[in-house]
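In what follows, a structure is listed as structure tokens, so that the remarks can point back to it.
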Amino acid sequence: MQVNTLDVLRDVRKLLSDSTKWTTGGYARDSAGHEADACDELAVSWCGQGAIYACGSARGMPTLRQILHDDESGSGSDWARPLLHSLDDIAVHLGFDGFIAANDDGGRAGVLRVIDSAIAELEARGARREARGARREASRATLQSGQQSHPAARM
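Using this note's numbering, the first residue of the sequence shown is number 3, and each one after it goes up by one.
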């Protein structure tokens, strides 16, 4: 299964927009404030990275526990790793030491800045890709109409 990164980021943004759903110092916490598995139904608040895993697993991706088990067995199924590396790069660009530091040092506002920047970047890439596709289609249509009206094309 392939994850739609933009969908996961939008889910994370929505989740963490509620200040009661954000935490620091652990992937997730239960209602008593104790650390919990980010993908466990007992989790009620998440750090930025925990929210990535929780929202991805809600979309059918492996849970953090499954990923950690797979890492021990060497199968390396961490679907979120490339996304987390990208979020680290964005966080550094925004002045943090990485995505975890944006969460722990920048607070909820810091992690949301990183997520918002990532969403904006992916949406801009998508818009550029759509524009290129539309230009290609227009070029093909122009080329085809030119061939149909050219006398040699009718022979």
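Using N, Cα and C, we set each Cβ at its ideal position, and we do this for glycine too. Predicted model, so just to flag it, every value in this text is computed and none were measured.
Where residue i falls, given that 16 or more other Cβ within 10 Å makes a residue buried
| i | result |
| --- | --- |
| R131 | exposed |
| L11 | buried |
| T1 | Residue 1 lies beyond the range of the chain shown here (3 to 157); nothing can be said about it. |
| N105 | buried |
| Q51 | buried |
| G108 | buried |
| S59 | buried |
| A82 | buried |
| A120 | buried |
| G112 | buried |
| S47 | buried |
| L44 | exposed |
| L89 | buried |
| A133 | exposed |
| N6 | exposed |
| A93 | buried |
| A30 | buried |
| G78 | Low per-residue confidence applies at G78: pLDDT is 49, beneath 50, and the placement is therefore not dependable, though the value from the model is reported in the following sentence. Under this definition G78 is an exposed residue. |
For residue i: DSSP bridge partner residues
| i | result |
| --- | --- |
| S47 | R31 |
| E37 | R31 |
| W24 | W48 |
Pair within 8 Å by beta-carbon distance, residue i and residue j
| i | j | result |
| --- | --- | --- |
| L18 | A56 | no |
| F101 | L124 | no |
| D118 | R15 | yes |
| C49 | G35 | no |
| R115 | L96 | yes |
| R61 | D20 | no |
For the stretch 33–40 against the stretch 62–70, are there 3 or more C-beta pairs whose distance is under 8 Å? Yes, the stretch 33–40 touches the stretch 62–70.
What runs of the alpha helix (DSSP H), each 4 residues or longer, lie entirely inside the stretch 91–115? For the stretch 91–115, whole alpha helix (DSSP H) runs of length 4 or above, ordered along the chain, are 101–106.
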